[in-house]
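For the sequence shown, this note's numbering assigns the number 1 to the initial residue and increments by one for each residue that follows. A virtual CB, placed ideally from N, CA and C, is assigned to each residue, including glycine.
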Amino acid sequence: MIFIASIEFVDNNAERDLSMDIKNLETFVMVNELKSFTQAAQRLGFTQSTVSFQIKQLENELGIPLFERISHTVTLTNEGQKLLPLAHQILRLWAEAGHIAGNTAPAGIVRIAIAESLSSWQFHSHFKDFHDRYPGIRLKLIAASTDDMFQMLGQNQVDIVYTLDRRIYSHHYMTALEAPVNIHFVTSPRHPLAKEKKVDIGKLLDYPLLLTEKNMSYRAILDEILAARGLETTPAMETGDTQLICSLLRQDIGISYLPEFVVQEDLANGRLVSLPVSDMSTPGIWRQLLYHRNKWISPELTCVIDYLKEQQA
1 MIFIASIEFV DNNAERDLSM DIKNLETFVM VNELKSFTQA AQRLGFTQST VSFQIKQLEN
61 ELGIPLFERI SHTVTLTNEG QKLLPLAHQI LRLWAEAGHI AGNTAPAGIV RIAIAESLSS
121 WQFHSHFKDF HDRYPGIRLK LIAASTDDMF QMLGQNQVDI VYTLDRRIYS HHYMTALEAP
181 VNIHFVTSPR HPLAKEKKVD IGKLLDYPLL LTEKNMSYRA ILDEILAARG LETTPAMETG
241 DTQLICSLLR QDIGISYLPE FVVQEDLANG RLVSLPVSDM STPGIWRQLL YHRNKWISPE
301 LTCVIDYLKE QQA
């Protein structure tokens, strides 16, 4: 079946009606995302010649060049940049119309690069509810450092990133949600420091530390703060598994440095306590859900974004 979308353009003050294959717009968006005709063909299941033909057909229909092909690089022309947001809008509306007409639920895979602490917290309690609501959507979660996340996002290896780091500002990315995060030194209520009204950071370092992996978001910031004071940590354990760390803390093993959302329940019921470290300010950590500004937001990705926003509300 060939899907046809009708869109209107103004040319020399005269309107002209253009009918085009919606597949050509999908190919246009994919070539732009991957910056490669070859990779777009592989992703879409076409031959490279088919992709080239579709783009040429679209350029002929519109009467404008869409891509510049110089030294094996593919970039949008000025006209292509103007078309891109319209193509996103047309594809989104077409997908919505298809769901209404066919009464079908969103289906497909959504790839999320995510901080491991967020992965355990966000999906441990909520994945069943998400899956019950959207059984056709498959999630691929990739735990990664912030730098690796944005490298994958730039290469279109993931659809969206969920960071836990310093607040990120960039005109290259759109922020779907964000919230500040408090970080605490936490331990068992039976720890020798648990009853102290003020704890010196140097004294705290005399005890075993259970920390997340070196160079990972808030752990890296902690190391930077300590290094500025001529201090460093020698953890008894390093792991990205915050649930394991919490379990060991509840067994009276050591001290850790964790986001509030990870330990909130344990703090509320008294299984863990927050240590009042007097000479260390809390760094500005944010959790942010971001995607590339040129990314087409598919119905499946829209469902994931809306669900995560709903959990934050």
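Which same chain residues end up closer than 8 Å to residue i when comparing Cβ atoms and leaving out the 5 residues on each side of it in sequence?
i: His88; result: Val29, Trp296 and Ile297
i: Ser145; result: Asn215, Met216 and Ser217
i: Leu44; result: Glu26, Thr27, Met30 and Val51
i: Leu197; result: In the sequence on display, residue 197 carries Lys and not Leu. Result list for Lys197: Pro276, in chain order.
i: Ala194; result: Thr187, Ser188, Val273 and Leu275
With which residues is residue i paired in a DSSP beta bridge?
i: His184; result: Leu258
i: Met237; result: Leu210
i: Leu173; result: Looking at the sequence provided, one finds Tyr at residue 173 rather than Leu. His292, per the DSSP bridge assignment.
i: Trp94; result: According to DSSP, which records beta bridges pairwise, Trp94 is partnered with nothing at all.
i: Ile109; result: Arg138
i: Arg287; result: Leu164 and Ala179
Alpha helix (DSSP H) containing residue i: first to last residue?
i: Trp121; result: Glu116 to Arg133
i: Thr38; result: Phe37 to Leu44
i: Glu310; result: Pro299 to Gln312
i: Glu232; result: That residue, Glu232, is in no alpha helix (DSSP H); it is neither H nor E in DSSP.
i: Leu204; result: Ile201 to Leu204
Helix, strand or coil: which one does DSSP assign to residue i?
i: Glu196; result: coil
i: Lys140; result: strand
i: Val158; result: coil
i: Leu25; result: helix
i: Ser274; result: strand
i: Asn60; result: helix
i: Met149; result: helix
i: Arg250; result: helix
i: Thr47; result: coil
i: Asn32; result: helix
i: Asp279; result: coil
i: His88; result: helix
i: Arg190; result: coil
At what residues does the beta strand (DSSP E) containing residue i begin and finish?
i: Phe67; result: Phe67 to Ile70
i: Thr75; result: Thr73 to Leu76
Taking CB distances under 8 Å as the criterion, tell me whether residue i reaches chain B.
i: Lys295; result: Protein chain content of the structure displayed is limited to a single chain, and chain B is not contained in it.
Please work out which residues of its chain come closer than 6 Å, Cβ to Cβ, to residue i, disregarding the five sequence neighbours upstream and downstream, and give them in chain order.
i: Met174; result: Tyr291 and Arg293
i: Ile326; result: Since the first residue of the chain shown is 1 and the last is 313, residue 326 is not available in this structure.
i: Gly108; result: Glu300
Excluding the 5 residues flanking residue i on each side, which residues of the same chain have their C-beta closer than 7 Å to its C-beta?
i: Ala115; result: Tyr162, Thr163, Leu164 and Ser217
i: Thr314; result: No answer is possible for residue 314: the residues shown for the chain start at 1 and end at 313.
| Is it a yes or a no for the segment 129–145 touching the segment 266–286, going by three-plus beta-carbon pairs under 8 Å? | With the cut-off at 8 Å, the segment 129–145 and the segment 266–286 do not touch.
| message | With three or more C-beta pairs closer than 8 Å as the rule, is the segment 224–243 touching the segment 199–210? | response | Contact holds: three or more Cβ-Cβ distances are below 8 Å.
| Okay, do the segment 251–265 and the segment 116–129 touch, 3+ Cβ pairs below 8 Å being the bar? | Output reads yes: the segment 116–129 touches the segment 251–265.
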